[in-house]
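The structure under discussion appears below in the form of structure tokens.
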Amino acid sequence: MKKYAILLLLLGLMATFANPQFPIRIPKIKIPKIEQPTKDTAQPPSEPSQPDQTRGPDLPQTSKSVSQTTKMSSEAVLLDSMTYFSLEQVRVDYKVVGWHMRPNFKLIGDIPNRSALRIFVKRNGKELLDLRCEIEEDAVRRCVDEKKVVKELGMLDVEVNFINGDTDEERPLRTYKIDVHRTEKFNDYADFFVNRHPDVAVGYLSVEGKNPFVIRLRADREKGSTVLHLNTVISRDHDEKYRGGSYLRCSVNGQPFKLKQSIVAFRQKEGSVFATYESRAGGKGPVYKDYLKFALQQIQLPLSLGSETTLTNDISRTPGKWECSIIGEADRETYRTIRFTVDARGQIVTHPEQRNGNVVFGDWEWMIYMDIPAGGSPIDHRLKRSPEMGLFHGIPWSTPEGKAMAERVPNKGNPFPLPAK
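Take any residue in the sequence shown, note its place counting from 1, add 4, and you have its number in the numbering used here.
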């Protein structure tokens, strides 16, 4: 038996070397086909988009971003934050007979060449002025017709239409309300001006390094800067003495925030209003003067957005609820207090009046909450609470938060220059 076993083993080995390839059966496995990712599906999920907003009842629903939340179409819209009206006296035979208007507008959107704005000034539907203003570099700055004189004072409607330079189509753009006043001066001179008391309640932050109108006018010296400015109207005393510098004190979520440096700088913007009342009892004796000044202030803060310098703190790196006060160096009085939130993405959360599209800002501007101290601060010469007059030349407040901010403006002094008693 042992011999037979050895013989069988030898026969098996010979068969192996003669045919080394074994027919091995491997079971088939179905591998699912993997779809290649498309351009859209390959991207990570994005942040939830903001709901579409409108400018308000006088403008249609739009789609292109004006600011963080306001939407607009590709058509032109006015920047309410940069709109103002200058008035100039008109004299005939040495007598004041009325005023000319020089409207100032900035626009954003697609503006064809040869486009223009048409401005109607009306009282109770009666037309007082029809003015065509050509648009140059997305702005109207030099527009006046010296043959058209307006005599009326008080509340007037200003209707603004856009004329498309490609089609000559004319469409309504915005309706403002202006409150026109006059002050008397010697030798039949007069100052005409538009009341800006309502806008004392409004404050908004801006990065002027991204403001195309500022960059264009200042030969790019601001371009790229991320420094934040507070913009507001302050009714200042023309004759006030220098009060010394001011500084900023901030907290985040109720905790003090240490700034690299705290100095703030005041700068007056275009569109400020100045008027004088002058009189002399009986035509002789001492001269009585009373001044009015609505200063459009741009206050440079030691804060920035998106990057920081050796002198600024980048607020985008510190999400939370910010509260900052501008305080006088010499008197330690609070001039203004601002409040805003920086979200988790490092963006400034805008005031509801901007967020719902009631007023239009540039994408470098953010309306925020602002308060004036009770009774007014030392830099406030005149204050008049005017919530019923809206903001930015008669745009009605549309939110409880906006109305409450306007209601908190204190009254101080005489709202307008008065003759001597």
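Backbone N, C-alpha and C define an ideal beta-carbon position, used for all residues, glycine too.
Assuming contact is defined by CB atoms lying nearer than 8 Å, are residue i and residue j in contact in what I supplied?
i	j	result
I352	W370	yes
N415	L395	no
C147	P107	yes
V268	L305	yes
V101	D192	no
S210	N235	yes
G324	V346	yes
E327	T313	no
G380	R247	no
P202	M409	no
G113	E79	yes
V413	V144	no
Whose C-beta lies closer than 6 Å to the C-beta of residue i among residues of the same chain, with five residues either side of it excluded?
i	result
K297	R240, H242 and F278
G158	none
K273	L300 and Q302
K155	G102
D84	V363, V364 and F396
E411	P391
R175	F166
R118	G169
Relative to the alpha-carbon of residue i, which residue among the options has its alpha-carbon at the smallest distance?
i	options	result
T322	R336, G350, T280 and G332	G350
A120	E141, K126, T230 and R127	E141
G169	K152, L160 and R136	R136
D427	D134, D318 and R145	Residue 427 is absent from the structure shown; the chain starts at 5 and stops at 425.
R271	K126, P202, M409 and V237	V237
K126	V153, L252 and S255	V153
M374	S308, S329, A143 and V291	S329
D183	E138, E411 and I399	I399
R389	F420, G361, R359 and N360	F420
S255	K288, V291 and N317	N317
L307	F166, E244, K262 and R122	K262
T354	N257, V206, V96 and G129	V206
R186	V231, I376 and Y295	Y295
F344	K245, E244, G129 and G258	G258
Considering only residues of the same chain and omitting the five flanking positions on each side of residue i, which have a CB-CB separation below 7 Å?
i	result
E212	V218, E226, S229 and H233
E150	H104
L82	F109, L111, V164, L177, R178 and V364
K214	W368
S320	L309, G310, V346 and G350
N418	R386
Y98	D192
G249	I267 and E333
A378	P414
K288	none
Please list, in chain order, all residues of the same chain as residue i whose beta carbon is under 8 Å from its beta carbon, the five residues on each side excluded.
i	result
E39	Its pLDDT being 32, under 50, E39 is placed unreliably in this model, and the value from its coordinates should be taken loosely. Here the set comprises nothing.
E357	V363, M371, L395, W401, S402, T403, E405 and G406
E188	A194, Y281, E282, S283 and P423
S266	Y251, L252, R253 and P306
E131	F124 and V125
E173	I167
A348	P323
P290	R284
Given a threshold of 16 other Cβ atoms within 10 Å of its Cβ, counted over all protein chains shown, does residue i qualify as buried or as exposed?
i	result
K110	buried
P27	Per-residue confidence for P27 stands at a pLDDT of 33, beneath the threshold of 50, marking its modelled position as unreliable; the derived number appears in the next sentence. That one is exposed.
F190	exposed
E282	buried
S311	exposed
P52	Below a pLDDT of 50, predicted positions are generally treated as unreliable, and P52, at 31, falls in that range; the measurement from the model is reported next regardless. P52 should be labelled exposed.
Y208	buried
L422	exposed
T87	buried
T171	exposed
R220	exposed
F231	Looking at the sequence itself, residue 231 is Val, so the reference to Phe does not match. When all chains shown are included, V231 counts as buried.
R95	exposed
(message) Any contact between the stretch 332-340 and the stretch 170-179? By contact I mean 3 or more CB pairs, one from each, below 8 Å.
(response) Too few Cβ pairs lie closer than 8 Å, so no.
(request) Examine the Cβ distances between the stretch 89-104 and the stretch 190-199 and report whether three or more of them are shorter than 8 Å. (result) A contact exists between the stretch 89-104 and the stretch 190-199.
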